Structures are given as C-alpha cells and as structure tokens.
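This report concerns only the one structure given below.
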Amino acid sequence: MSVESLEFQRARRLLDTFCTRRNTAGNTAALSCRQQDNSLLLIATEAHSATFRTLVKLDYRDNHWSVFWPREDGSWQPWPHLPETDSVQFILDELEQAPLHVHW
31 MSVESLEFQR ARRLLDTFCT RRNTAGNTAA LSCRQQDNSL LLIATEAHSA TFRTLVKLDY
91 RDNHWSVFWP REDGSWQPWP HLPETDSVQF ILDELEQAPL HVHW
C-alpha cells in the first residue's frame, strides 16, 4: 500500500471521528464523510430526510491537503484561511475554529 493511500485512510478515520463527535441527539443534521476520487467530502444530512449538502471538500494532491467550500453555482472556492497543508489534523482544527461554525 502506498504512502498516499495510508495518508488518505488516516485522514478518513480522523474525519469520521470528527463527524461522530458532532452528531448529537439535538442536531438537525448529521455529519458524515464520503470519498470522491482524491477528495473527502464533509456531508450534512438533514434529520428525517434524505436531503444532504456538501459542506467542505478536502483534496489530497502531491502530499498536501487543500480545503474548499461549495459556491452556489456548483464550483469550489478555496478555503480563504488555509490554502494548503500537509496535516489533515490542522484542517480539522481550522474547521473547529470556523466563525459561528457556519458549516454545520
């Protein structure tokens, strides 16, 4: 197994744990993680509904992670405060500090 595959699996486990910590009984949406090619998507699924929305996308390329948020036109905008990092934990820390937790 390649180093890239191991890093991607590690990131998936960390993001799954991140989602689990936020999925409490009082939340109106459940967070989950999905893989799409070389990206991990943070998804919010509305309670009592099949409606979901993608909150952020983490891309892994050339041993670095980049974070994007979706625009209304369907394109992806780079996360303004974190253009690129080699640590997925740093991204999770950044998401924790997002003003007003606007993503969930």
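Every position in the sequence shown, counted from 1, becomes a number in my numbering once 30 is added. All residues carry an ideal CB built from backbone N, CA and C; glycine is no exception. Treat the numbers as computed from the prediction; the structure is a model and nothing was measured.
- Put simply, the backbone Cα of LEU122 is about 11 Å away from that of THR115.
- 8 Å or more divides the Cβ of ASP92 from the Cβ of SER69.
- TRP106 is bridged by DSSP to PRO100.
- Cβ-Cβ distances below 6 Å link GLU124 to LEU112 in the same chain, with the five nearest sequence neighbours on each side left out; the list follows chain order.
- GLU76 carries a strand assignment under DSSP once its states are collapsed to helix, strand and coil.
- Judged by DSSP secondary structure, LEU61 falls within the beta strand (DSSP E) whose first and last residues are 59 to 66.
- Judged by DSSP in its simplified three-state form, SER69 adopts strand.
- According to the DSSP secondary-structure assignment, ARG83 is paired through a beta bridge with ALA74.
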